[in-house]
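Protein chains in written order, with this note's numbering: chain A, 2 to 354; chain B, 2 to 354.
Protein chains: 2
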Amino acid sequence: MVYSVIMAGGIGSRFWPRSREASPKQFLRVVGEETLLQQTLQRVSPLIPADRAYVITHERYADLTHRQLPGLESQQIMREPISRNTACCITYAAIRLLATDPEAVMVVLPADHLIEHENRFLEVLAKAIEAARVPDTLVTIGIKPTHPATGYGYIQFDASDDDTAHTVRTFAEKPDISTAERFLDSGDFLWNSGIFVWRADAILANIRHHLPRMWEAFKAAAPHMNTPAEGAAIRKAYHRSPRISIDYGVMERAENVRVVPGSFGWSDIGDWHAVYSLSRKNRHGNVLSGHVIVQDSSRCLVSGAERLIAVVGLNDIAIIDTEDALLVCHMDSTQQVKNVVDYLHAQQFQQYM
Amino acid sequence: MVYSVIMAGGIGSRFWPRSREASPKQFLRVVGEETLLQQTLQRVSPLIPADRAYVITHERYADLTHRQLPGLESQQIMREPISRNTACCITYAAIRLLATDPEAVMVVLPADHLIEHENRFLEVLAKAIEAARVPDTLVTIGIKPTHPATGYGYIQFDASDDDTAHTVRTFAEKPDISTAERFLDSGDFLWNSGIFVWRADAILANIRHHLPRMWEAFKAAAPHMNTPAEGAAIRKAYHRSPRISIDYGVMERAENVRVVPGSFGWSDIGDWHAVYSLSRKNRHGNVLSGHVIVQDSSRCLVSGAERLIAVVGLNDIAIIDTEDALLVCHMDSTQQVKNVVDYLHAQQFQQYM
Chain A
2 MVYSVIMAGG IGSRFWPRSR EASPKQFLRV VGEETLLQQT LQRVSPLIPA DRAYVITHER
62 YADLTHRQLP GLESQQIMRE PISRNTACCI TYAAIRLLAT DPEAVMVVLP ADHLIEHENR
122 FLEVLAKAIE AARVPDTLVT IGIKPTHPAT GYGYIQFDAS DDDTAHTVRT FAEKPDISTA
182 ERFLDSGDFL WNSGIFVWRA DAILANIRHH LPRMWEAFKA AAPHMNTPAE GAAIRKAYHR
242 SPRISIDYGV MERAENVRVV PGSFGWSDIG DWHAVYSLSR KNRHGNVLSG HVIVQDSSRC
302 LVSGAERLIA VVGLNDIAII DTEDALLVCH MDSTQQVKNV VDYLHAQQFQ QYM
Chain B
2 MVYSVIMAGG IGSRFWPRSR EASPKQFLRV VGEETLLQQT LQRVSPLIPA DRAYVITHER
62 YADLTHRQLP GLESQQIMRE PISRNTACCI TYAAIRLLAT DPEAVMVVLP ADHLIEHENR
122 FLEVLAKAIE AARVPDTLVT IGIKPTHPAT GYGYIQFDAS DDDTAHTVRT FAEKPDISTA
182 ERFLDSGDFL WNSGIFVWRA DAILANIRHH LPRMWEAFKA AAPHMNTPAE GAAIRKAYHR
242 SPRISIDYGV MERAENVRVV PGSFGWSDIG DWHAVYSLSR KNRHGNVLSG HVIVQDSSRC
302 LVSGAERLIA VVGLNDIAII DTEDALLVCH MDSTQQVKNV VDYLHAQQFQ QYM
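(1) Given this structure, state the Cα-to-Cα distance separating B:L263 from B:G143, to the nearest angstrom.
(2) Roughly how far, in whole angstroms, is the beta-carbon of A:V329 from the beta-carbon of B:I320, given that I think they are within contact range, below 8 Å?
(3) Can you tell me where the alpha helix (DSSP H) with A:H210 in it begins and where it stops?
(4) Just how far apart, CA to CA, sit B:I91 and A:A306?
(5) Could you spell out where the beta strand (DSSP E) holding A:Y249 opens and where it closes?
(6) Looking at the C-beta of B:S179, does it have a partner C-beta in chain E at a distance below 9 Å?
(7) Evaluate contact between the stretch 166 to 184 of chain A and the stretch 209 to 218 of chain A, counting only Cβ atoms and requiring at least three cross-stretch pairs below 8 Å.
(8) Buried or exposed: A:M2, going by 16 or more other Cβ atoms within 10 Å of its Cβ?
(9) In angstroms with no decimal places, state the Cα-to-Cα distance between B:A173 and A:Q352.
(10) CB A:I196 to CB A:H114, shorter than 9 Å?
(11) Pull up the distance between the alpha-carbon of B:F350 and that of B:V341, whole angstroms please.
(12) Which first and last residues belong to the alpha helix (DSSP H) in which B:H285 is found?
(13) When the Cα atoms are used, what is the spatial distance from B:A54 to B:Q77?
(14) Nearest chain A C-beta to B:N340 closer than 9 Å, yes or no?
(15) Could you have a look at A:V125 and say whether DSSP puts it in helix, strand or coil?
(16) Can you look up B:Y153 in the DSSP assignment and give me helix, strand or coil?
(17) For the stretch 45 to 57 of chain B, which residues have a CB atom closer than 8 Å to at least one CB atom of chain A, in sequence order?
(18) Is it the case that the Cβ atoms of B:A201 and B:L98 are separated by a distance below 9 Å?
(19) Taking C-alpha atoms, which residue in A:V6, A:I318, A:V313 lies nearest to A:I96?
(20) Which residues in chain A sit within 7 Å of B:H294, going by Cβ to Cβ distance?
(21) What three-state label does DSSP hand B:L65 in the structure shown?
(22) Identify which residue in B:F158, B:Y153, B:V261 has its Cα closest to the Cα of B:F122.
(23) Does DSSP put A:P342 in a helix, a strand or coil?
(24) Jot down the residue ranges of each uninterrupted beta strand (DSSP E) in the stretch 166 to 192 of chain A, minimum 3 residues, whole runs only, in chain order.
(25) So, are the CB atoms of B:S304 and B:R19 less than 9 Å apart?
(26) Do A:I130 and A:V106 have their C-beta atoms within less than 9 Å of each other?
(27) Helix, strand or coil, according to DSSP, for B:I235 in the structure here?
(28) Measuring CB to CB, does A:Q315 end up less than 9 Å from A:H292?
(29) Going by C-alpha distance, which of A:A94, A:E35, A:S84, A:C89 is nearest A:L70?
(30) Per DSSP, what are the beta-bridge partners of B:S5 in this structure?
(31) Of all Cβ atoms in chain A, is any one closer than 9 Å to the Cβ of B:P18?
(32) Taking the DSSP output, what are the residues bridged to A:T141?
(33) Measuring CA to CA, which of A:A133, A:H240, A:R170, A:D186 is closest to A:K145?
(34) For the alpha helix (DSSP H) that B:S278 lies in, which residues bound it at each end?
(35) In this structure, how does DSSP classify B:V45 when only helix, strand and coil are distinguished?
(36) Whole angstroms is fine: what's the gap from B:A238's alpha carbon to B:M79's?
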């Protein structure tokens with residue numbers, strides 16, 4: 002059977018001050034009426050019904066997840082005791098699925114991405130699932146780049162084969178702009194979407210091979226899946242596991258990696274500028290929510306809370322208001338918002354994080 | 002005797018959202034540790050002691066005035082029942098002073114101006130008081146212009162006479178920029194400071210002549226000054242008076258108007274840009290108060306309240322935060338803040354005014 006595994010444990014620091022440790026990006030209505038997490042579950046439902054959907058998140062977000070996805074059973078929300086990276090999260094999901102379904106195919110989905118053309122996405126996903134049924138194959142979905150983005154990792158594929166799932170030649174880190182332009186021109190580079198499809202046994206075999214310490218940590222937990230001892234066993238496994246991403250820990254090292262290219266209006270909506278770009282604008286190019294008065298301003302994103310906000314004579318400015326913290330940021334500097342959060346951490350201003 | 006009459010009834014709409022109907026500009030610490038009202042009283046004290054100081058303001062601000070100037074007696078705070086313009090305010094003050102001192106000389110001072118060089122100001126004021134002792138003479142203080150300001154009215158004086166108090170040739174409304182440049186080049190134009198000095202009987206004679214309806218309205222109130230009937234009599238007078246400024250109603254029409262030029266770092270701090278210009282800046286040219294985190298920003302004015310404010314990648318932006326309303330405004334557009342307040346009035350958003 003095919004299962005979705007929605008990774009919803011991130012803290013979304015570039016969405017400060019709306020995104021906080023208490024309520025990160027995936028739990029917010031960033032674009033549209035539903036939260037990103039709700040959209041993620043909804044989007045795959047034609048291929049994977051809700052009773053085969055799993056959300057994996059930090060235990061502090063389990064209640065929030067429950068409230069946003071009331072249709073899921075408690076056991077469908079997998080609780081991480083501490084924040085590790087994606088390899089740990091995926092290992093837990095794999096051993097959990099294998100406990101009841103040795104043939105399980107996992108569709109791993111970040112909970113905080115946006116996809117504009119859902120039908121086109123589902124077509125690509127169906128192809129990826131098909132490709133992942135081949136034993137010992139790791140499949141990822143790659144996005145056909147529309148511009149030389151420097152904020153994404155890239156995947157180079159072998160353009161000589163005819164398959165819908167191409168052989169991956171290499172994974173590349175976030176490039177500088179000239180490298181990104183070269184990637185775009187070459188025609189054989191795709192954006193790394195972070196969406197993966199594989200058999201649970203295939204990814205576990207690769208983890209055993211490439212991340213033996215992680216395998217050791219989780220091996221002992223496997224027999225306790227779906228028992229009252231699961232929580233304690235997983236806690237022990239997480240504390241013994243290294244912090245490493247699945248990309249770095251497995252994908253860049255594995256042999257049989259395939260990529261299915263797609264083009265479906267994907268965005269990881271990594272910062273406020275991306276939210277602005279993806280939102281419906283008024284005739285002055287402004288995106289406004291809350292109680293806002295605008296004079297002589299254009300291309301602004303204003304996300305209000307309770308208070309009245311007056312915007313006068315501004316261009317290309319993001320204003321994000323919350324009850325206890327306010328961000329005013331130029332659209333060209335929205336990536337730097339992460340630095341504000343780093344500063345808050347360094348200063349231990351816990352109340353604003 | 003010489004008395005000060007401090008006009009403190011304005012609502013300061015260009016200082017929204019800090020300035021509200023409940024607490025206008027003159028009651029705020031705009032620059033420095035004291036409020037503008039406190040600074041105004043303090044500034045003239047070497048020439049006019051506090052027991053000869055009068056504040057005239059809307060009755061809703063009487064308690065606030067008392068709290069800020071606890072040294073004043075209750076009768077030194079004159080209560081206007083409704084907001085009229087400056088002619089009405091000055092007429093009331095004149096009849097009140099004449100009730101106890103037929104020789105009274107009034108120094109009329111707006112409560113919301115800033116003066117950098119107080120000693121130089123006092124020298125000029127002393128000359129103006131001297132000039133105003135001549136019967137039937139209206140004296141105003143004119144500021145030597147430092148740049149072609151379009152936000153001030155101008156006074157043209159007769160440069161041919163040698164007096165310290167020059168004959169006024171004409172009053173000019175706020176000019177456009179090319180006219181302002183001509184005024185500056187001519188050498189015989191001064192900024193209209195709104196500071197006036199005259200005998201109370203002289204200004205009343207002129208009001209009788211030029212504003213007969215106002216004279217009629219107040220004539221009946223005069224015998225009730227300093228009695229329990231004063232409040233009711235003044236209320237009646239105000240309701241019967243036209244709304245007109247002393248400049249337009251009297252100064253532009255009167256015969257014997259003299260101006261004493263001065264140069265003492267005067268500003269009417271008419272908007273947030275002026276506050277920025279007059280404030281001490283850090284090495285990035287920012288003026289910051291409250292709990293503010295700044296990244297990669299310069300020439301900004303951030304006036305915080307309770308909340309944390311993060312400023313990222315901004316230049317030349319004013320951010321004024323209050324509990325229930327926020328202003329974000331480009332420094333070139335600070336005059337337009339008045340339009341926001343006009344809009345709030347039109348929409349009857351009373352709570353934000």
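Where a beta carbon is used, it is the ideal one built from N, C-alpha and C, also for glycine.
According to the data block:
(1) Taking the second sequence and counting its residues from 1, the one referred to as residue 263 of chain B is at position 262. Taking the second sequence and counting its residues from 1, the one referred to as residue 143 of chain B is at position 142. One point to set straight first is that residue 263 of chain B is Gly, not Leu, in the sequence displayed. So the two alpha carbons sit approximately 6 Å from each other.
(2) Your numbering for residue 329 of chain A matches position 328 in the first sequence. Your numbering for residue 320 of chain B matches position 319 in the second sequence. With a Cβ gap of about 6 Å, A:V329 and B:I320 count as contacting.
(3) Here residue 210 of chain A corresponds to residue number 209 of the first sequence, with the count starting at 1. Run containing A:H210: 201 to 211, per the alpha helix (DSSP H) assignment.
(4) As a working mapping, residue 91 of chain B is identified with position 90 in the second sequence. As a working mapping, residue 306 of chain A is identified with position 305 in the first sequence. When rounded, the distance between both Cα atoms is 45 Å.
(5) To locate residue 249 of chain A, count along the first sequence from 1; it is residue 248. Counting along the chain, A:Y249 falls outside any beta strand (DSSP E), and DSSP gives it neither H nor E.
(6) You won't find chain E in this structure, because its protein chains are A and B.
(7) no
(8) Residue mapping note: residue 2 of chain A aligns to position 1 of the first sequence, counting from 1. Result: exposed.
(9) If you number the second sequence from 1, residue 173 of chain B lands on position 172. If you number the first sequence from 1, residue 352 of chain A lands on position 351. C-alpha separation (whole angstroms): 55 Å.
(10) Numbered from 1 along the first sequence, position 195 holds the residue referred to as residue 196 of chain A. Numbered from 1 along the first sequence, position 113 holds the residue referred to as residue 114 of chain A. Their beta carbons are under 9 Å apart, which means A:I196 touches A:H114 by this criterion.
(11) On the second sequence, position 349 is the one that residue 350 of chain B refers to. On the second sequence, position 340 is the one that residue 341 of chain B refers to. C-alpha separation (whole angstroms): 11 Å.
(12) Working through the second sequence from its first residue, we reach residue 285 of chain B at position 284. B:H285 -> no alpha helix (DSSP H), and no H or E assigned at all.
(13) Counting from one through the second sequence, the residue named residue 54 of chain B turns up at place 53. Counting from one through the second sequence, the residue named residue 77 of chain B turns up at place 76. Distance between the alpha carbons of B:A54 and B:Q77 is about 7 Å.
(14) If you number the second sequence from 1, residue 340 of chain B lands on position 339. So yes, B:N340 belongs to the interface.
(15) Position 124 of the first sequence, counted from the first residue, corresponds to residue 125 of chain A. In the structure shown, A:V125 sits in a helix (DSSP, three-state: H, G or I).
(16) Taking the first residue of the second sequence as position 1, residue 153 of chain B is located at position 152. Looking at B:Y153 - three-state DSSP - the assignment turns out to be coil, as it is neither helix nor strand.
(17) none
(18) Counted from its first residue, the second sequence places residue 201 of chain B at position 200. Counted from its first residue, the second sequence places residue 98 of chain B at position 97. Yes. Within cutoff.
(19) Indexing the first sequence from 1 puts residue 96 of chain A at position 95. Cα-wise, what sits closest to A:I96 is A:V6.
(20) Along the second sequence, read from residue 1 onward, the residue named residue 294 of chain B stands at position 293. The sequence as given places Ile at residue 294 of chain B; His does not occur at that position. Ordered by position in chain A, the residues that pass the 7 Å Cβ test against B:I294 are V341, Y344.
(21) Translated into the one-based positions of the second sequence, residue 65 of chain B becomes position 64. Three-state result, B:L65: helix.
(22) Within the second sequence, the letter at position 121 stands for residue 122 of chain B. The shortest Cα separation from B:F122 among B:F158, B:Y153, B:V261 belongs to B:V261.
(23) Position 341 of the first sequence, counting from 1, holds the residue named residue 342 of chain A. The displayed chain sequence assigns Val, not Pro, to residue 342 of chain A. Helix at A:V342.
(24) 167 to 173
(25) Sequence index remark: in the second sequence, residue 304 of chain B carries index 303 (1-based). Sequence index remark: in the second sequence, residue 19 of chain B carries index 18 (1-based). Yes. Within cutoff.
(26) The count along the first sequence starts at 1 and reaches residue 130 of chain A at position 129. The count along the first sequence starts at 1 and reaches residue 106 of chain A at position 105. Taking 9 Å as the Cβ cut-off, A:I130 and A:V106 qualify as a contacting pair.
(27) For the purposes of this step, residue 235 of chain B is taken as residue 234 along the second sequence, with counting starting at 1. Note: B:I235 maps to helix in three-state DSSP.
(28) Along the first sequence, read from residue 1 onward, the residue named residue 315 of chain A stands at position 314. Along the first sequence, read from residue 1 onward, the residue named residue 292 of chain A stands at position 291. For the sequence presented, residue 315 of chain A should be read as Leu rather than Gln. No, Cβ-Cβ distance for A:L315 and A:H292 is not below 9 Å.
(29) In the first sequence, residue 70 of chain A corresponds to position 69, counting from 1. For the residues A:A94, A:E35, A:S84, A:C89, the minimum Cα distance to A:L70 belongs to A:E35.
(30) Mapped onto the second sequence, residue 5 of chain B falls at position 4. Per DSSP, B:A54, B:V108.
(31) Translated into the one-based positions of the second sequence, residue 18 of chain B becomes position 17. Cβ-Cβ to chain A under 9 Å: yes for B:P18.
(32) Translated into the one-based positions of the first sequence, residue 141 of chain A becomes position 140. Its beta-bridge partners are A:F197, A:V260.
(33) Position 144 of the first sequence, counting from 1, holds the residue named residue 145 of chain A. Among A:A133, A:H240, A:R170, A:D186, the Cα nearest to that of A:K145 is on A:D186.
(34) On the second sequence, residue 278 of chain B is found 277 positions in, with the first residue counted as 1. Counting along the chain, the alpha helix (DSSP H) containing B:S278 begins and ends at 273 to 279.
(35) Your numbering for residue 45 of chain B matches position 44 in the second sequence. Three-state result, B:V45: helix.
(36) The sequence position of residue 238 of chain B within the second sequence is 237, counting from 1. The sequence position of residue 79 of chain B within the second sequence is 78, counting from 1. Between B:A238 and B:M79, the C-alpha separation is close to 14 Å.
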